[in-house]
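Participant: Chains as they are written, first to last, in my numbering: chain L, 20 to 111; chain G, 206 to 674; chain P, 1253 to 1431. This structure is in structure tokens; I'll ask about it shortly.
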């Protein structure tokens, strides 16, 4: 559990979660999110972190849920501002 | 063919380097314009030492290195391939790596977030779909990679010039010397690793002072290093008068300055009067048990080289790296009057810990910025450089006359080499000759000896390129 | 009459004062180029270690300073080599200290952080100024972590010294002084 997560949750609730449209979201610090964590990204997809380079900018992810069914199961990279919310925490 | 560069400002390059008489203008050590030309003409063309594969044993391992003034990253990608990349983001230039070494999945730029895989591919661009709208092809914007890289018995070398000859051709007769330097003490190839990390320090002098002196300036030692024996830093301590060098068994030989003028490489090398290697002589009186290891290893190596004449234990590989069995010395240009000196220490990978410790401590007290030997070299290079910048000082050329015109060849015992008396300036003249060739050359075609096996063949090649130009 | 608490404070103050005076004395010996007297403050079993400082990623600070066990450091040696350095300077032909540089050691932030029998652990910071020939200047700033051992002759001997120089690429061409 990282201390920024409650803030991220509060922020995403306040602005409507995936409905965020601004180009900058500084709420979620992704650097220390462990592998296996599920996060919601800007597109609305729910993805699982498969690797975290711990650079604060990017996550390697696998798409779990998406309105575009062709994306489900694919590998992708998620940029920090596109990470809207942590939806499943993993203990490190 | 590209045309030769003949001048800088209103001076011809040839007028600066008179090797027949051994007179060399101080300009080439102090002139800002010539220095900028060197970065292009020498350091983007020559094969340069990068590091050793043992520095990056696992996928994702990286270590920063340097080519000329510029920082590069030696990295082992996730498929186990080694790469050398320029450390700069293709977007706005920021360093994508500001750590000395480590292990990583990607190199992410801290400026705007462009992110590169360990194989150099640009894999992450923020706002890629929304803002670039398909206008940019990420595959064209990977990290800049060297034109050629060579893993030579574990040592890593690279050049920015795709027209450069293969690294082995570049080394010519000194390829065996470099190969042996990366053998363990028993003569097995690829038998070393490097102690971490590499020494890095700044010397206020032009890079050619140390670069062209090492393995080419035996005359300096008697005066420069007069004070070292009282410190008794050698493995034997006070025994034998406190020499900084290990004790060696007698073995009939004659020392020479040896060089390949067509290539610029050269060393203080011995020609032995009998084949094989000398037996081991105990020398580690200050470190119990170390002789036992080196003696056993030497016996294996003597067996391996029985009947062979060994030539060339050390060499300056043109332009800026000196390769020795236990140390690698690199002099990076930093500005016209500053050198960033790097020093790496190879050690037998399989050596027991007490041997590694003994060798490591010996190297730390011997050389580098805190070693007792080299500190006096650096004072001399520093103030030789400082006293050469003056308007009047520059009217007086440096004297490289020692032994000029007295070189000879010994094709039977040292094929491809040019020899001179052990205290000479033959090797420095050789490096200056190669320097002039690189500075004048329009491309590698002008400076590549086709088959550098003998001085005469090299002369023919040089003449040919002059005619064509 | 002092309370027990006050007595303890007083003892700590006196010890720190004694250590500070020792450090100032040591610095004066170095700055006055009395290297033979300085080497006499060094215990025969000293470990004198100045690691190289790496640039490492957040979270990897454990390997920021190079290890004395298997890595390269600026200094990693004992009294034999330190004494050799002193002998070399005293030849008068050790060119990087001939003529002598003007070197000044400023020792600050002295803290006694442990007492164990006749040994104490003390940390301090240093600012070392070196001016050489006309205009060559080198600045060395960092911290020291010492073990000092009580000694009848010199008051204390330096039994262990870890020197953290706050540089990565060494910006001086050589290090000819002691810390």
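Don't be surprised by glycine CBs; every beta carbon is placed ideally from N, CA and C. Since this is a predicted model, take the numbers as computed values, not measurements.
What are the boundary residues of the beta strand (DSSP E) that includes residue 529 of chain G?
Facilitator: Taking the first residue of the second chain as 1, we reach residue 529 of chain G at position 324. Where residue 529 of chain G is concerned, there is no enclosing beta strand (DSSP E), given that its DSSP letter is neither H nor E.
Participant: Return yes when the C-beta of residue 293 of chain G is under 7 Å from any heavy atom of the ligand FAD, and no when it is not.
Facilitator: Inclusion of the ligand FAD in the displayed structure is not the case, the ligand content being empty and no account of it being possible.
Participant: Going straight from the alpha carbon of residue 570 of chain G to that of residue 1324 of chain P, what length do you get?
Facilitator: Reading the second chain from its first residue, position 365 is the one you call residue 570 of chain G. Reading the third chain from its first residue, position 72 is the one you call residue 1324 of chain P. Each residue's Cα considered, the two are about 11 Å apart.
Participant: Report the CB separation of residue 450 of chain G from residue 1337 of chain P in whole angstroms; it is logged as a contact under 8 Å.
Facilitator: Mapped onto the second chain, residue 450 of chain G falls at position 245. Mapped onto the third chain, residue 1337 of chain P falls at position 85. In fact, because the Cβ distance is near 19 Å, the residues do not count as touching under 8 Å.
Participant: Would you mind stating whether residue 254 of chain G and residue 533 of chain G have Cβ atoms separated by less than 8 Å?
Facilitator: Mapped onto the second chain, residue 254 of chain G falls at position 49. Mapped onto the second chain, residue 533 of chain G falls at position 328. Yes.
Participant: Using a cut-off of 8 Å between C-beta atoms, extract the partners of residue 455 of chain G located in chain L.
Facilitator: By one-based count along the second chain, residue 455 of chain G stands at place 250. Chain L residues near residue 455 of chain G: none, gap ~58 Å exceeds 8 Å.
Participant: With burial defined as no fewer than 16 other Cβ atoms inside 10 Å of the residue's Cβ, what is the status of residue 595 of chain G: buried or exposed?
Facilitator: Taking the first residue of the second chain as 1, we reach residue 595 of chain G at position 390. Its Cβ having fewer than 16 others within 10 Å, residue 595 of chain G is exposed.
Participant: At the 8 Å Cβ level, is residue 1393 of chain P part of the contact set with chain G, yes or no?
Facilitator: Stepping through the third chain from its first residue, residue 1393 of chain P is reached at position 141. Not an interface residue.
Participant: List the DSSP bridge partners of residue 405 of chain G.
Facilitator: The sequence position of residue 405 of chain G within the second chain is 200, counting from 1. Bridge partners of residue 405 of chain G: G:547.
Participant: Applying the criterion that 16 or more other CB atoms from any shown protein chain within 10 Å of the CB defines a buried residue, is residue 212 of chain G buried or exposed?
Facilitator: Counted from its first residue, the second chain places residue 212 of chain G at position 7. Exposed, since its Cβ has fewer than 16 Cβ neighbours within 10 Å.
Participant: Here's a check: name, in chain order, each residue in its chain whose Cβ is nearer than 6 Å to the Cβ of residue 354 of chain G, leaving out the five neighbours to either side.
Facilitator: To locate residue 354 of chain G, count along the second chain from 1; it is residue 149. Counting only Cβ-Cβ distances below 6 Å, and skipping sequence neighbours, we find 289, 363.
Participant: Could you tell me the boundaries of the beta strand (DSSP E) in which residue 1399 of chain P lies?
Facilitator: Walking along the third chain from the start, residue 1399 of chain P turns up at place 147. From DSSP, the beta strand (DSSP E) with residue 1399 of chain P extends over 1388-1403.
Participant: My parser needs the beta strand (DSSP E) runs of 3 or more residues fully inside the region 1314-1381 of chain P; what are they?
Facilitator: Complete beta strand (DSSP E) runs here, min 3: 1325-1329, 1354-1368.
Participant: Would residue 1412 of chain P pass as an interface residue toward chain G - the criterion being a Cβ-Cβ separation below 8 Å?
Facilitator: Indexing the third chain from 1 puts residue 1412 of chain P at position 160. No, no contact with chain G.
Participant: Compare the Cα-Cα distances from residue 461 of chain G to each of G:614, G:240, G:388, G:277 and report the closest residue.
Facilitator: Locating residue 461 of chain G in the second chain gives position 256, counting from the first residue. The shortest C-alpha separation from residue 461 of chain G is found at G:614.
Participant: Restricting to runs no shorter than 4 residues, where is the alpha helix (DSSP H) found entirely within the region 212-237 of chain G?
Facilitator: The qualifying runs are 232-235.
Participant: For residue 379 of chain G, which of helix, strand or coil comes out of DSSP?
Facilitator: Here residue 379 of chain G corresponds to residue number 174 of the second chain, with the count starting at 1. Helix at residue 379 of chain G.
Participant: For residue 267 of chain G, which residues does DSSP report across the bridge?
Facilitator: In the second chain, counting from the first residue as 1, residue 267 of chain G sits at position 62. G:280, G:307, per the DSSP bridge assignment.
Participant: The beta strand (DSSP E) that contains residue 1202 of chain P, what's its start and end?
Facilitator: No answer is possible for residue 1202 of chain P: the residues shown for chain P start at 1253 and end at 1431.
Participant: Following the continuous alpha helix (DSSP H) through residue 429 of chain G, name the residue where it begins and the one where it ends.
Facilitator: Numbered from its first residue, the second chain carries residue 429 of chain G at position 224. Taken as a continuous stretch (DSSP letters only), the alpha helix (DSSP H) holding residue 429 of chain G covers 426-429.
Participant: What residues of chain G sit near residue 76 of chain L, judged by a beta carbon separation below 7 Å?
Facilitator: For this step, residue 76 of chain L is matched to residue 57 along the first chain. Within chain G, the residues near residue 76 of chain L are 313, 318, 320.
Participant: Per DSSP, residue 240 of chain G forms a beta bridge with which residues?
Facilitator: Translated into the one-based positions of the second chain, residue 240 of chain G becomes position 35. For residue 240 of chain G, which the question treats as bridged, DSSP gives no partner whatsoever.
Participant: In the DSSP assignment, what residue or residues form a beta bridge with residue 474 of chain G?
Facilitator: Stepping through the second chain from its first residue, residue 474 of chain G is reached at position 269. Answer is G:461.
Participant: Run through chain L and tell me which residues come within less than 9 Å of residue 310 of chain G, C-beta to C-beta.
Facilitator: Counting from one through the second chain, the residue named residue 310 of chain G turns up at place 105. Chain L residues near residue 310 of chain G: 70, 71, 72, 73, 74, 77, 79.
Participant: With three or more beta-carbon pairs closer than 8 Å as the criterion, would you say the region 426-436 of chain G touches the region 544-564 of chain G?
Facilitator: Flag = no, the region 426-436 of chain G and the region 544-564 of chain G do not touch.
Participant: Thinking C-alpha only, which one of G:412, G:583, G:279 is nearest residue 426 of chain G?
Facilitator: Start at 1 with the first residue of the second chain, and residue 426 of chain G comes out as number 221. Per the Cα distances, G:583.
Participant: Looking at the structure shown, is residue 675 of chain G part of a helix, part of a strand, or coil, going by DSSP?
Facilitator: This structure gives no information on residue 675 of chain G, because the portion of chain G shown stretches from 206 to 674.
Participant: Counting along the chain, where does the beta strand (DSSP E) carrying residue 1408 of chain P start and finish?
Facilitator: Taking the first residue of the third chain as 1, we reach residue 1408 of chain P at position 156. Run containing residue 1408 of chain P: 1407-1417, per the beta strand (DSSP E) assignment.
Participant: Would you say residue 404 of chain G lies against chain P (beta-carbon separation less than 8 Å)?
Facilitator: Stepping through the second chain from its first residue, residue 404 of chain G is reached at position 199. Yes, residue 404 of chain G counts as interfacial toward chain P.
Participant: Going by the CB atoms, is the gap between residue 49 of chain L and residue 75 of chain L shorter than 8 Å?
Facilitator: Within the first chain, numbered from 1, the residue matching residue 75 of chain L stands at position 56. Within the first chain, numbered from 1, the residue matching residue 49 of chain L stands at position 30. In contact: residue 75 of chain L and residue 49 of chain L (Cβ atoms closer than 8 Å).
Participant: Round the Cβ separation of residue 409 of chain G and residue 590 of chain G to the nearest angstrom and send it over; I've been treating them as touching at under 8 Å.
Facilitator: Mapped onto the second chain, residue 409 of chain G falls at position 204. Mapped onto the second chain, residue 590 of chain G falls at position 385. 7 Å between Cβ atoms; contact.
Participant: Considering residue 356 of chain G, what are the terminal residues of the beta strand (DSSP E) in which it resides?
Facilitator: Residue numbering aside, residue 356 of chain G sits at position 151 when the second chain is read from its first letter. Per DSSP, residue 356 of chain G belongs to the beta strand (DSSP E) from 353-357.
Participant: Along the beta strand (DSSP E) that carries residue 416 of chain G, what are the first and last residues, could you check?
Facilitator: The residue given as residue 416 of chain G occupies position 211 in the second chain. Here residue 416 of chain G belongs to no beta strand (DSSP E); instead the alpha helix (DSSP H) covers 413-418.
Participant: Please identify, using Cβ separations under 8 Å, the residues of the region 1296-1312 of chain P that lie next to chain G, in order along the chain.
Facilitator: Against chain G - using a Cβ distance shorter than 8 Å - the residues of the region 1296-1312 of chain P are 1302, 1304, 1306, 1307, 1308, 1309, 1312.
Participant: Distance check for residue 628 of chain G and residue 1377 of chain P, CA to CA, integer angstroms please.
Facilitator: For the purposes of this step, residue 1377 of chain P is taken as residue 125 along the third chain, with counting starting at 1. For the purposes of this step, residue 628 of chain G is taken as residue 423 along the second chain, with counting starting at 1. In a straight line, the C-alpha of residue 1377 of chain P is about 47 Å away from that of residue 628 of chain G.
Participant: Could you compute how far the alpha carbon of residue 452 of chain G sits from the alpha carbon of residue 407 of chain G?
Facilitator: The residue labelled residue 452 of chain G in the question sits at position 247 within the second chain. The residue labelled residue 407 of chain G in the question sits at position 202 within the second chain. Those two C-alpha atoms are separated by around 32 Å.
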